[in-house]
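Working notes, beginning with the structure itself.
Written as structure tokens, this is what we have:
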């Protein structure tokens, strides 16, 4: 039977999901050796394009590197400078006029 890369990738991803591998990789590191990584919205005002590549790569590389150094790295979605403009865009799209 020929090797099926797509199926093999699916099998690995299913295994990781079923066994909660990512969370276990965080939990096995000591909590007192934390490295906090706040991650803002990836594409604040539009569709992704090639200009987002560097930021996306760094948001992936930095936490992985710190994890390999033995830090417990919880990826946390944070607030950034685009917060209010994005909120305004969403309110406009939803037709929301009240701040309540």
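Residue numbers (UniProt numbering): 1 to 100. Even for Gly, the Cβ is constructed at its ideal location relative to N, Cα and C. The model shown is predicted, which means the values in this text are computed figures rather than measured ones.
One question on the structure: do residue i and residue j come within less than 9 angstroms of each other, judged by their Cβ atoms?
i	j	result
residue 67	residue 12	no
residue 39	residue 77	yes
Kindly indicate which residue of the options has the alpha-carbon position closest to the one of residue i.
i	options	result
residue 28	69, 59 and 57	69
Suppose the cutoff is 7 angstroms on Cβ atoms and the five residues either side in sequence are ignored; what does the same chain contact list for residue i look like?
i	result
residue 16	22
residue 60	none
residue 91	none
residue 93	none
residue 30	72
Might you give, ordered along the chain, the residues of its own chain that have their beta carbon closer than 8 angstroms to the beta carbon of residue i, omitting 5 neighbours on each side?
i	result
residue 63	35, 37, 73 and 75
residue 97	91
Checklist entry - Would you call the segment 24 to 36 and the segment 66 to 76 touching, i.e. three or more CB-CB distances under 8 angstroms? => result yes
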